[in-house]
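Take a look at the structure set out below.
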Ligand SMILES: [Ca+2]
């Protein structure tokens, strides 16, 4: 019987493991309630997106996942499994592209494929005003004067905008500081009309 020579027995590698090169950004979400997804090439008002993705295998000791925003490192994470989640912050209106890479003291991996989107969270230039409130119930039907009572529990708000709204923008309507709906806006004449109308009940 012939025995295998001892030098055929596998020995543990003594060099550092290779850097993981396969990273994927799966989603970028808005922070907060529900964490809605920001689509690739989409638009968001969020100043603090959360970048989530996967790794081809777990990180070796000393390795971290780096988040790059427009090519500059902005945050790192040390996931213990094969998925990661990194929160960014402080985004102002503009265009952004995220990539991720694995880094250690010795080397960097190639960056992942990119994930791009736009942020619009500045103060809108378009200014809405309420021009009238219409009562169309009962014997007396007219635009309401400020301070005058009405029997219309669903008065219609009419208004105008200083400029046409860009795509994706809405006019929110508040009653006593509570959001009650979105105005219907016709882009050409910039008229604002609230549908459905708010319900007002007398005390
Ligand atoms: Ca009336």
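In this note's numbering, the protein residues as written are -13 to 189.
We put the beta carbon where it would ideally sit given N, CA and C, even for glycine.
The structure presented is a predicted model; accordingly, all values stated were derived computationally and were not measured.
If we require 3 or more residues per run, which beta strand (DSSP E) segments fall completely within the region 64 to 136? Runs found: 69 to 73, 80 to 89, 101 to 105, 114 to 121.
Cβ pair count under 8 Å reaching 3, the region 62 to 71 against the region 95 to 115: Too few Cβ pairs lie closer than 8 Å, so no.
Residues near residue 49 in its chain [Cβ-Cβ closer than 6 Å; skip 5 each side]: Listed in chain order, the non-local C-beta contacts of residue 49 below 6 Å within the same chain comprise 88, 90, local neighbours out to five positions each way being set aside.
Residue 105 and residue 79 look like a contact to me (Cβ under 8 Å); what is the Cβ gap, rounded to whole Å? Rounded, the Cβ-Cβ distance is 6 Å, consistent with contact.
Alpha carbon to alpha carbon, what distance is there between residue 57 and residue -6? Because residue -6 carries a pLDDT of 49, less than 50, the predicted location of this residue cannot be relied on, and the following value inherits that uncertainty. For residue -6 and residue 57, the gap between their C-alpha atoms comes out near 46 Å.
So, for residue 81: in the same chain, excluding its five sequence neighbours on each side, which residues have a beta-carbon less than 6 Å away from its beta-carbon? Contacts found: 104.
Identify the residues that DSSP records as bridge partners of residue 40: which are they? Its beta-bridge partners are 10, 69.
When the Cα of residue 76 is compared with those of 129, 15, 69, 33, which residue comes out closest? The residue with the shortest Cα to Cα distance from residue 76 is 33.
So, with DSSP's three-state summary, where would you put residue 140? In the structure shown, residue 140 sits in coil (DSSP, three-state: anything other than H, G, I, E or B).
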